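Going by the numbering used here, the first residue of the sequence shown is number 39, and it counts up by one from there. Cβ atoms here follow ideal geometry from the backbone N, Cα and C, with glycine treated the same way. Owing to the predicted nature of the structure, the values given are computational and were not obtained by experimental measurement.
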Amino acid sequence: PREADAEALRQRALAALLTARERTALLTDSVDDHELTAQHSPLMSPLVWDLAHIGNQEELWLLRGVAGREAMRPEIDGLYDAFEHPRATRPSLPLLAPAEARAYAAEVRGRALDVLDGTALDGGRPLVRAGFAFGMIAQHEQQHDETMLITHQLRSGPAVLAAPVPPAPTDAAGLPAEVLVPGGPFTMGTSAEPWALDNERPAHVRDVPGFLIDTTPVTCGAYQEFIEDGGYTERRWWAPEGWVMVREHELTAPLFWHRDAGQWLRRRFGVTEVVPGDEPVLHVSWYEADAFARWAGRRLPTEAEWEKAARHDPVSERSRRYPWGDEDPAPELANLGQRHLRPAPVGTYAQGRSPYGARQLIGDVWEWTSSDFLPYPGFSAFPYREYSEVFFGPAHKVLRGGSFAVDPVACRGTFRNWDLPVRRQIFSGFRTARDA
Ligand code: AVJ
Ligand code: FE
39 PREADAEALR QRALAALLTA RERTALLTDS VDDHELTAQH SPLMSPLVWD LAHIGNQEEL
99 WLLRGVAGRE AMRPEIDGLY DAFEHPRATR PSLPLLAPAE ARAYAAEVRG RALDVLDGTA
159 LDGGRPLVRA GFAFGMIAQH EQQHDETMLI THQLRSGPAV LAAPVPPAPT DAAGLPAEVL
219 VPGGPFTMGT SAEPWALDNE RPAHVRDVPG FLIDTTPVTC GAYQEFIEDG GYTERRWWAP
279 EGWVMVREHE LTAPLFWHRD AGQWLRRRFG VTEVVPGDEP VLHVSWYEAD AFARWAGRRL
339 PTEAEWEKAA RHDPVSERSR RYPWGDEDPA PELANLGQRH LRPAPVGTYA QGRSPYGARQ
399 LIGDVWEWTS SDFLPYPGFS AFPYREYSEV FFGPAHKVLR GGSFAVDPVA CRGTFRNWDL
459 PVRRQIFSGF RTARDA
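So this is what it looks like as structure tokens:
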């Protein structure tokens with residue numbers, strides 16, 4: 039049985055690595071070399087940087103970290119160290135050219151698969167136990183694939199990506215606006231999930247007073263009401279730094295929206311279309327989410343509230359891996375994995391609802407919470423401080439749940455994302471809450 043478990047782990051790691059590389063290929067083969075090396079926005083790296091960085095991190099953790107191999111090209115390590123060079127300066131670095139970056143990532147991958155073949159995953163060092171290092175690298179690649187999809191959204195020019203529209207809701211009309219989560223303790227975080235990252239650990243009990251949370255994310259239609267009611271012109275709705283941002287950048291709507299002949303339009307992956315009223319609002323900063331909530335007489339949920347609404351099962355009194363249970367995500371449960379290039383209308387994915395009846399907590403849009411990104415009690419940095427620990431503090435706000443651009447391997451009820459409160463190019467939306 040032990041050998042069969044090890045083989046299952048190996049297959050799972052292999053599948054996750056292959057899925058990630060297919061997506062990386064889609065995102066980097068769909069544009070020409072000029073577009074791969076261009077800077078589409080000072081907020082982003084050139085796509086070719088992400089590509090070689092994916093290979094370089096895989097070399098660092100799987101070839102050197104797990105297998106103890108020598109560096110393949112020690113002279114390039116510094117170029118692809120995210121802490122050495124801010125995104126805006128990366129285009130001026132002597133980066134590997136597209137063909138070289140592809141060849142390097144492919145060479146690393148070939149060797150990494152050999153390492154996977156020859157490594158015992160069922161015991162031993164924490165880095166290889168349950169295939170953690172391989173899962174970590176698959177998640178890392180998928181996170182950069184999401185980053186590259188953001189770059190695709192920011193690029194100008196005709197569309198190069200296409201995907202079917204997401205499913206439509208079947209019973210949205212009868213849904214309550216909010217659901218009640220009674221007060222009491224629940225288990226937050228995880229000590230069991232084998233590929234959970236350091237910041238999701240360890241599992242610990244939190245007592246959360248009763249609250250109500252929106253059944254679905256806030257829609258574009260509701261957000262338009264905020265705009266039309268003078269949301270962006272009235273200081274009273276905004277946190278002081280948020281108001282500074284609104285004035286400085288003359289914000290009037292979410293990123294990628296513009297008004298034409300009395301209608302709100304948006305640009306989405308190279309196509310301009312009417313903003314759909316029933317879709318979760320996307321590309322808003324934390325400050326905009328916070329201002330909307332105040333205007334609505336509500337507030338953003340805390341991170342603990344979000345996780346309790348998503349995971350706590352009041353019948354068994356335990357936390358689930360996902361809102362629907364412990365089974366891995368599937369297409370009928372959540373909008374994940376870039377299967378669609380947009381969020382699904384609110385009320386979709388009835389099968390994916392949480393025990394309290396909230397919908398679309400996983401997938402569609404990352405959801406801003408009111409919480410700063412902080413370590414859980416008992417946190418210990420693993421395998422390196424730069425993954426999470428250096429970002430802890432009041433500068434970053436936590437986002438939960440994952441977007442349509444997140445692969446299932448990098449999405450769980452415990453998964454934590456974080457960003458600056460001014461960020462809006464990310465696939466971010468929100469839902470609101472209030473005290474019970
Ligand atoms: C967790 C999404 C904030 O993209 O900066 C990628 C993930 N860490 N490479 C990021 C990450 C190292 C990280 N976020
Ligand atoms: Fe990275």
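So, residue i versus residue j, is the Cβ gap smaller than 9 angstroms?
i: V436; j: R454; result: yes
i: D410; j: A372; result: no
i: D399; j: P369; result: The identity of residue 399 in the sequence shown is Leu, whereas the question assumes Asp. Contact flag unset, no.
i: G280; j: A329; result: yes
i: A215; j: D252; result: yes
i: P339; j: S408; result: yes
i: R472; j: R332; result: no
i: G467; j: P367; result: no
i: G227; j: T452; result: yes
i: W406; j: G440; result: no
i: A334; j: T470; result: yes
i: L179; j: A63; result: Looking at the sequence provided, one finds Glu at residue 179 rather than Leu. Not in contact: E179 and A63 (Cβ atoms no closer than 9 angstroms).
i: L47; j: L199; result: no
i: L165; j: V104; result: yes
i: R513; j: P232; result: What is shown of the chain runs 39 to 474, which leaves residue 513 out entirely.
i: V217; j: Y261; result: no
Quick check on the DSSP output: the alpha helix (DSSP H) that includes residue i runs from which residue to which?
i: G173; result: F170 to L192
i: D245; result: Per DSSP, D245 belongs to no alpha helix (DSSP H); it is in the beta strand (DSSP E), H242 to V246.
i: F264; result: C258 to E266
i: P278; result: P278 to H287
i: V309; result: Not the alpha helix (DSSP H): V309 falls in the beta strand (DSSP E), residues V309 to V312.
i: G222; result: Careful: G222 lies outside any alpha helix (DSSP H), inside the beta strand (DSSP E) at G222 to M226.
i: D155; result: P136 to D155
i: L218; result: Not the alpha helix (DSSP H): L218 falls in the beta strand (DSSP E), residues E216 to V219.
i: E341; result: E341 to R349
To the nearest angstrom, how far is the alpha carbon of residue i from that of residue j?
i: A299; j: G308; result: 20 angstroms
i: R358; j: D364; result: 6 angstroms
i: S392; j: G375; result: 20 angstroms
i: H321; j: Q177; result: 23 angstroms
i: G169; j: A42; result: 14 angstroms
i: G315; j: T257; result: 6 angstroms
i: R285; j: A53; result: 48 angstroms
i: T225; j: R356; result: 7 angstroms
i: F264; j: A135; result: 46 angstroms
i: E272; j: D457; result: 25 angstroms
i: V69; j: P220; result: 50 angstroms
i: V313; j: I92; result: 34 angstroms
i: P446; j: M283; result: 34 angstroms
i: L55; j: Y270; result: 44 angstroms
i: Y394; j: F249; result: 12 angstroms
i: V384; j: P223; result: 29 angstroms
i: F420; j: L89; result: 24 angstroms
i: R297; j: E317; result: 18 angstroms
i: K346; j: D67; result: 40 angstroms
i: V353; j: R377; result: 33 angstroms
i: V203; j: R274; result: 38 angstroms
i: E113; j: T75; result: 20 angstroms
i: Y422; j: Q301; result: 48 angstroms
List the endpoints of the continuous beta strand (DSSP E) containing residue i.
i: A331; result: First-last for A331: W324 to W333, but that is the alpha helix (DSSP H), not the beta strand (DSSP E).
i: A471; result: A471 to D473
i: G93; result: Per DSSP, G93 belongs to no beta strand (DSSP E); it is in the alpha helix (DSSP H), L85 to E96.
i: D298; result: W295 to D298
i: A433; result: G431 to R438
Tell me which same chain residues have a C-beta within less than 8 angstroms of the C-beta of residue i, skipping the five on either side of it?
i: A388; result: P207, T208, D209 and R397
i: H51; result: Per the sequence shown, the amino acid found at residue 51 is Ala instead of His. Excluding sequence neighbours, A51 sits near L154, L159, G169, F172, G173 and A176.
i: P278; result: none
i: T310; result: L303 and R304
What residues in its chain sit with their C-beta under 6 angstroms from that of residue i, if we drop five residues either side in the sequence?
i: A150; result: E96 and L100
i: Q77; result: P84 and P129
i: T290; result: Y270
i: E341; result: T407, S409 and V436
i: A197; result: F307, G308 and V309
i: F294; result: R304, R305 and H321
Kindly indicate if chain C contains any beta-carbon less than 9 angstroms away from that of residue i.
i: A201; result: Any reference to chain C falls outside this structure, which holds one protein chain only.
Excluding five sequence neighbours on each side, which residues of the same chain lie with their C-beta closer than 7 angstroms to the C-beta of residue i?
i: Q181; result: A448
i: E138; result: none
i: L131; result: L117 and H123
i: W344; result: E405, T407 and R438
i: A443; result: E184, L187, Q376 and F465
| request: Taking 8 angstroms as the threshold, find out whether the segment 459–466 comes into contact with the segment 311–331 through three or more Cβ pairs. | output: Short answer: they touch.
| message | Three Cβ pairs or more, each shorter than 8 angstroms: is that satisfied between the segment 126–143 and the segment 79–91? | response | Yes: the two stretches touch, three or more of their Cβ pairs being nearer than 8 angstroms.
| request: Evaluate contact between the segment 145–153 and the segment 94–102, counting only Cβ atoms and requiring at least three cross-stretch pairs below 8 angstroms. | output: With the cut-off at 8 angstroms, the segment 145–153 and the segment 94–102 touch.
| message | Contact between the segment 240–258 and the segment 189–200 is defined here as three or more beta-carbon pairs at a separation below 8 angstroms; is this criterion met? | response | Fewer than three beta-carbon pairs drawn from the segment 240–258 and the segment 189–200 are found closer than 8 angstroms, and the two stretches are therefore not classed as touching.
| query | Should the segment 228–245 be regarded as contacting the segment 409–429, the criterion being three or more beta carbon pairs within less than 8 angstroms? | reply | Result yes; three or more Cβ-Cβ pairs closer than 8 angstroms.
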